[in-house]
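Below is one structure; the comments refer to it alone.
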Amino acid sequence: AQSVTQLDSQVPVFEEAPVELRCNYSSSVSVYLFWYVQYPNQGLQLLLKYLSGSTLVKGINGFEAEFNKSQTSFHLRKPSVHISDTAEYFCAVILSGAGSYQLTFGKGTKLSVIP
Amino acid sequence: DTEVTQTPKHLVMGMTNKKSLKCEQHMGHRAMYWYKQKAKKPPELMFVYSYEKLSINESVPSRFSPECPNSSLLNLHLHALQPEDSALYLCASSPPGGGERTQYFGPGTRLLVL
Chain A
1 AQSVTQLDSQ
11 VPVFEEAPVE
21 LRCNYSSSVS
31 VYLFWYVQYP
41 NQGLQLLLKY
51 LSGSTLVKGI
61 NGFEAEFNKS
71 QTSFHLRKPS
81 VHISDTAEYF
91 CAVILSGAGS
101 YQLTFGKGTK
111 LSVIP
Chain B
1001 DTEVTQTPKH
1011 LVMGMTNKKS
1021 LKCEQHMGHR
1031 AMYWYKQKAK
1041 KPPELMFVYS
1051 YEKLSINESV
1061 PSRFSPECPN
1071 SSLLNLHLHA
1081 LQPEDSALYL
1091 CASSPPGGGE
1101 RTQYFGPGTR
1111 LLVL
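Here the protein sequences come in this chain order: A and B. Once you know that position 60 of the first sequence is 60 in the working numbering, the rest is easy, because the numbers rise by one and skip nothing. Remember, the working numbering sits 1000 above the position in the second sequence when you count from 1.
Laid out in structure tokens, this is it:
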């Protein structure tokens, strides 16, 4: 079975500073990887995904993530954060095989941007 | 368009009430999901429908009853709920086929059981 570890439960960062949210996964087979963002009192919005191809993936709102197979990591980065980036961020994986529907989430990282 | 809609946005119900949550997508997705999310936790999978057939039930109590009337609609019927069932209920959908696994989520229904 696969698992996801988000190493930081909370990350405070000053506005316009860079940020990295860490995500490591464990799986014996290949997986697809996702980052979702959840703003207060809202659903989950897809930020970006890695299915195959280039290991550097660009998403919405200026975020990007790099898939590192050897380190089983998929860290999320943004070079300059805004107040509006304050939200909960979830890393998630799913097995790449046919018929796989179960998305495994990490526990989430609360990003707080300080003015 | 990657929109999943859910109604109602908020729902308050008593423990003896019967209510339903509705989810709709028009993206041609053939897998639809119900998740439950408690505060400060990740979503927990409840049910998965694939091609309108229930394919996963994660040992959810029978007071939650899913229904998939057609490929665009997913309902969750609620009956005799408990206060601990208060949560955000999220619907999601994903494309058919082997390669694409991305799940797209709706805005959720915030349920309060009194």
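By construction, the Cβ of each residue, glycine as well, lies at the ideal position given by its N, Cα and C atoms. In this text the structure is predicted, and so the values were computed from the model without any measurement.
Cα separation between A:K58 and A:P18? The straight-line gap separating the alpha-carbon atoms of A:K58 and A:P18 is approximately 16 Å.
Could you please tell me which residues of the region 47-70 of chain A, in chain order, have their CB closer than 9 Å to any CB of chain E? The structure shown contains no chain E; its protein chains are A and B.
How many Å lie between A:S112 and A:G97 at the Cα? Their backbone Cα atoms lie some 36 Å apart in a straight line.
For the beta strand (DSSP E) that A:S116 lies in, which residues bound it at each end? The displayed coordinates of chain A run from 1 to 115. Any statement about residue 116 of chain A would go beyond what the structure contains.
Mind listing the chain B neighbours of A:K107? Cutoff is C-beta to C-beta under 7 Å, in chain order. What A:K107 touches in chain B: P1042.
Nearest-angstrom beta carbon gap, A:E20 and A:H82 [assumed within contact, 8 Å]: Not really, about 16 Å apart at Cβ, beyond 8 Å.
Within-8 Å CB hit, A:F74 to chain B: It does not: the Cβ of A:F74 has no partner Cβ on chain B nearer than 8 Å.
May I ask which residues mark the beginning and end of the beta strand (DSSP E) holding A:K58? Start and end: 56-58.
Do the region 1087-1103 of chain B and the region 1013-1033 of chain B make contact, defined as three or more Cβ pairs closer than 8 Å? Contact check between the region 1087-1103 of chain B and the region 1013-1033 of chain B: three or more CB pairs, one atom from each, fall below 8 Å, which counts as touching.
Using a Cβ-Cβ distance cut-off of 8 Å, determine whether A:Q42 contacts chain B. For A:Q42, at least one C-beta of chain B is nearer than 8 Å to its own C-beta.
Hey, could you find the ends of the beta strand (DSSP E) B:C1023 is sitting in? Segment 1018-1025, the beta strand (DSSP E) holding B:C1023.
Who are the neighbours of A:S100 on chain B, taking C-beta pairs under 8 Å? Within chain B, the residues near A:S100 are R1101.
A:F34 touches chain B at which residues, Cβ-Cβ below 9 Å? R1101, T1102, Q1103, listed in chain order.
At which residue ranges does the region 7-54 of chain A contain complete alpha helix (DSSP H) runs of 4 or more residues, listed in the order of the chain? You should have found no qualifying run.
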